[in-house]
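Reviewing the structure listed below.
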Amino acid sequence: MNYLRLIALILIFSLSLIPTFPFTSQAYEDTQCFQCHTSAKKLIEITREIAETRPAQQSSETEGEG
Amino acid sequence: MEPLAPHEKIFVDMDILDDENHGGIACHECHGGNPDDPNWKTAHKGVKRDPTYPDATAACGDCHDEISEHYQKSLHATLKPYESVIGKRCNSKGVIGEKVEGAMGAHCSQCHSSCGQCHISRPDSVGGGFLESHFFKRKPPMQEVCTACHGSRIGKEYLGEHEGTSPSVHRQKYMSCDKCHTGEEMHGDGKEYANRFEVENRPSCVDCHESIYDKKAKNVITHRIHKDKTSCHVCHSQPYNNCASCHVGKDKNGLAFYKTKASWFTFKIGLNPLRSEKRPEKFVTLRHVPVHSETFDFYVKDALKNFNAVPTWKVATPHNIQLKTPQNASCNACHGNESLFLLDKDVEGKEKAPNKGVIVPANLIPREQKWQPK
């Protein structure tokens, strides 16, 4: 019986060592992707910069219903 | 649908990390790029905006294996109807065939959808942008996804946005597209269909309204008399939108454009060109589609040499259903009422030949009835 308790304790302890979801999420939060894409300020600056250099994406000659 | 500001299209909410199914997947695992590079220009090198198109199996397949495999053959991915109809009208190989293929790639094929463009963002063809900060939406929102693409006909009909029409009775009951068009239908069943009428799990009115043929049902006599003779839409649709002509090209900046003639409203009953065991009705509603023999002239002359191979009036399933309509007000509101039928005089001269099989000859218009059901 004591052996079983010991095994159970070891199992529970081992599980706590597996990197779980919150730890992974924390790592993602620190990526450059999240730093930029969760900041409206940064995105406004970047999209304005893009708009200045990139021509229009849609033709103004489209007429009627598709 | 409100347009999104450029930054709104790509703003991600940090709470996405709490999504128990997708929050543990790093951005670069699907989109690529370099998550450690602080320079946004170099960090985005190799980034896939939509990692689910054209092949969704790498991004979604680990968990949604069956759906992502089936999707490849769904109509939203293959756009098979364009290929098969234009193919019949073009029927050219060699240089002309290649040029038409190129033109279709620049125009028609832009209207596809994908896992991402239904569940995460608005479809590219309507400008893209996250539906809600990159949250994964199990049920795509109707007006930002479904009717964003299927707008000028289906969407406006369903929502009653055309002047003088009412919203569909289904809309009035607060039904969204997915009540009839299930995920299974949208994702495909792994079979490649030529058009939506062939899809085995497509919705049918009697899926819900089977009891209309029951002995004690209201209007049972009328429903039984017309069963397999007319489609439900013939009696229950309001007038709907029709488009004509369509010319595609590229402007001086190389951007693709299309031009169609002004659309018009009508309601026309014609002969069913897709009559089959599953679709036995003799009469169906027909809609004029936006095509012209010179549609691809910008790219190559005489591309649609066999223009007459397919009717320009095609089977329509208007989404503006009403219980009571002018044509079902009484037997003779329809019987003997020539104006409801697509007659020879309703079809433009050079379009008479391709539509011969759907035009209703005078002798086939149902005669006026003396008898009226009680």
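From first to last, the protein sequence lines are chains A and B. Residue numbers are given in the working numbering: position 15 of the first sequence equals residue 19, and the series is strictly consecutive. Residue numbers are given in the working numbering: position 321 of the second sequence equals residue 1064, and the series is strictly consecutive. Beta carbons: idealized from backbone N, C-alpha and C, even for Gly. This one's a predicted model, so the numbers in the text were calculated from it and none came from an experiment.
C-alpha gap between residue i and residue j, whole angstroms
{"i": "B:K995", "j": "B:R914", "result": "43 Å"}
{"i": "B:D1087", "j": "B:K823", "result": "30 Å"}
{"i": "B:G1079", "j": "B:V1058", "result": "22 Å"}
{"i": "A:T35", "j": "B:H750", "result": "19 Å"}
{"i": "B:V1101", "j": "B:K1044", "result": "28 Å"}
{"i": "A:Y7", "j": "A:L13", "result": "10 Å"}
{"i": "A:I11", "j": "B:E763", "result": "30 Å"}
{"i": "B:H787", "j": "B:G775", "result": "8 Å"}
{"i": "B:L760", "j": "A:L15", "result": "28 Å"}
{"i": "A:E53", "j": "B:W783", "result": "12 Å"}
{"i": "B:K1011", "j": "B:Y983", "result": "9 Å"}
{"i": "B:S857", "j": "B:N1106", "result": "47 Å"}
{"i": "B:A820", "j": "B:K958", "result": "43 Å"}
{"i": "B:E1091", "j": "B:E1081", "result": "18 Å"}
{"i": "B:K1025", "j": "B:I897", "result": "23 Å"}
{"i": "B:H969", "j": "B:I1108", "result": "14 Å"}
{"i": "B:H952", "j": "B:I839", "result": "48 Å"}
{"i": "B:P752", "j": "B:S876", "result": "Residue identity differs from the one stated: residue 752 of chain B is Lys in this sequence, not Pro. Approximately 8 Å, taken between the alpha carbons."}
{"i": "B:D780", "j": "B:V949", "result": "57 Å"}
{"i": "B:F878", "j": "B:N962", "result": "47 Å"}
{"i": "B:D808", "j": "B:P884", "result": "23 Å"}
{"i": "A:Y32", "j": "B:N944", "result": "41 Å"}
{"i": "A:L47", "j": "B:P1023", "result": "56 Å"}
{"i": "B:K842", "j": "A:R58", "result": "28 Å"}
{"i": "B:P1054", "j": "B:K1004", "result": "18 Å"}
{"i": "B:K1021", "j": "B:S947", "result": "11 Å"}
{"i": "B:Q1103", "j": "B:V790", "result": "Rather than Gln, the amino acid found at residue 1103 of chain B in this sequence is Val. So the alpha carbons of these two residues sit roughly 55 Å apart."}
Nonlocal neighbours in the same chain, by C-beta distance under 6 Å from residue i, ignoring five residues either side
{"i": "A:F25", "result": "Caution applies to A:F25, whose pLDDT of 47 falls short of 50 and renders its modelled position unreliable; the model cannot decide the point."}
{"i": "A:F27", "result": "Its pLDDT being 47, under 50, A:F27 is placed unreliably by the model, and nothing is read from it."}
{"i": "B:Y936", "result": "V942"}
{"i": "B:P910", "result": "L902 and G903"}
{"i": "B:G926", "result": "none"}
{"i": "B:D758", "result": "none"}
{"i": "B:E900", "result": "Y983, P1061, H1062 and N1063"}
{"i": "B:K1002", "result": "H990"}
{"i": "A:C40", "result": "K46"}
Given residue i as reference, the closest of the options once Cα atoms are compared
{"i": "B:R1018", "options": "B:C803, B:T1055 and B:D971", "result": "B:D971"}
{"i": "B:D805", "options": "B:A786, B:V828, B:T821 and B:I768", "result": "B:I768"}
{"i": "B:T1038", "options": "B:K836, B:F1050 and B:H787", "result": "B:F1050"}
{"i": "B:G1074", "options": "B:A1046, B:W1114, B:K1048 and B:R1022", "result": "It is worth fixing the name first, because residue 1074 of chain B is Cys in this sequence and not Gly. Of the candidates B:A1046, B:W1114, B:K1048 and B:R1022, the one whose C-alpha sits nearest the C-alpha of B:C1074 is B:W1114."}
{"i": "B:H893", "options": "B:H1062, B:N1106 and B:A1096", "result": "B:H1062"}
{"i": "B:S988", "options": "B:M757, B:N944, B:E1094 and B:K1025", "result": "B:E1094"}
{"i": "B:L1029", "options": "B:D1040, B:F1041 and B:S974", "result": "B:S974"}
{"i": "B:D867", "options": "B:S876, B:S852 and B:R881", "result": "B:S852"}
{"i": "A:Q61", "options": "B:L998, B:K1067, B:A1052 and B:R1110", "result": "B:L998"}
{"i": "B:R792", "options": "B:E772, B:P781 and B:A1052", "result": "B:E772"}
{"i": "B:N938", "options": "B:F1008, B:V828 and B:T1003", "result": "B:V828"}
{"i": "B:E844", "options": "B:P1104, B:Y1042 and B:R967", "result": "B:Y1042"}
{"i": "B:K1067", "options": "B:E1020, B:V912, B:K1048 and B:C803", "result": "B:V912"}
{"i": "B:A802", "options": "B:P1054, B:H765, B:G830 and B:G789", "result": "B:H765"}
{"i": "B:A1052", "options": "B:E1020, B:D1040 and B:A1096", "result": "B:A1096"}
{"i": "B:G830", "options": "B:V1103, B:D1040, B:P1104 and B:K1048", "result": "B:K1048"}
Cβ pair residue i, residue j closer than 9 Å
{"i": "B:N1071", "j": "B:H990", "result": "no"}
{"i": "B:G992", "j": "A:E65", "result": "yes"}
{"i": "B:W1056", "j": "B:N1098", "result": "yes"}
{"i": "B:T1060", "j": "B:H976", "result": "yes"}
{"i": "B:D756", "j": "A:T42", "result": "yes"}
{"i": "B:F940", "j": "B:G1013", "result": "no"}
{"i": "B:S1006", "j": "A:G68", "result": "yes"}
{"i": "A:C37", "j": "B:P778", "result": "yes"}
{"i": "B:H862", "j": "B:R881", "result": "yes"}
{"i": "B:C986", "j": "B:V1027", "result": "no"}
{"i": "A:T51", "j": "B:A1046", "result": "no"}
{"i": "B:Q981", "j": "B:Q860", "result": "no"}
{"i": "B:C889", "j": "B:H924", "result": "yes"}
{"i": "B:F754", "j": "A:A44", "result": "yes"}
{"i": "A:S63", "j": "B:F1000", "result": "yes"}
Proximal residues to residue i (C-beta, below 8 Å), its chain only, five neighbours per side dropped
{"i": "A:F17", "result": "none"}
{"i": "B:E826", "result": "M847"}
{"i": "B:A960", "result": "S954 and H966"}
{"i": "B:T785", "result": "N777"}
Neighbouring residues, chain E, relative to residue i (Cβ below 9 Å)
{"i": "B:D1045", "result": "Given the protein chain composition of this structure (A and B), no chain E is represented."}
Close-in-space but distant-in-sequence residues of the same chain around residue i (CB under 7 Å, 5 per side omitted)
{"i": "B:E887", "result": "M744, R865 and L874"}
{"i": "B:H1035", "result": "S988, C989 and H990"}
{"i": "B:E1111", "result": "N1075, H1078 and G1079"}
{"i": "B:C770", "result": "P778"}
{"i": "A:R9", "result": "none"}
Review point. Do the stretch 814 to 828 of chain B and the stretch 928 to 936 of chain B touch if we need at least three Cβ pairs shorter than 8 Å?
Key: yes
Review point. Can you find at least 3 beta carbon pairs, one from the stretch 843 to 850 of chain B and one from the stretch 867 to 875 of chain B, that sit closer than 8 Å?
Key: no
Check your understanding: Is it a yes or a no for the stretch 827 to 835 of chain B touching the stretch 790 to 801 of chain B, going by three-plus beta-carbon pairs under 8 Å?
Key -> no
Check your understanding: Would the stretch 879 to 899 of chain B and the stretch 914 to 927 of chain B be scored as touching if the rule is three or more Cβ pairs under 8 Å?
Key -> yes
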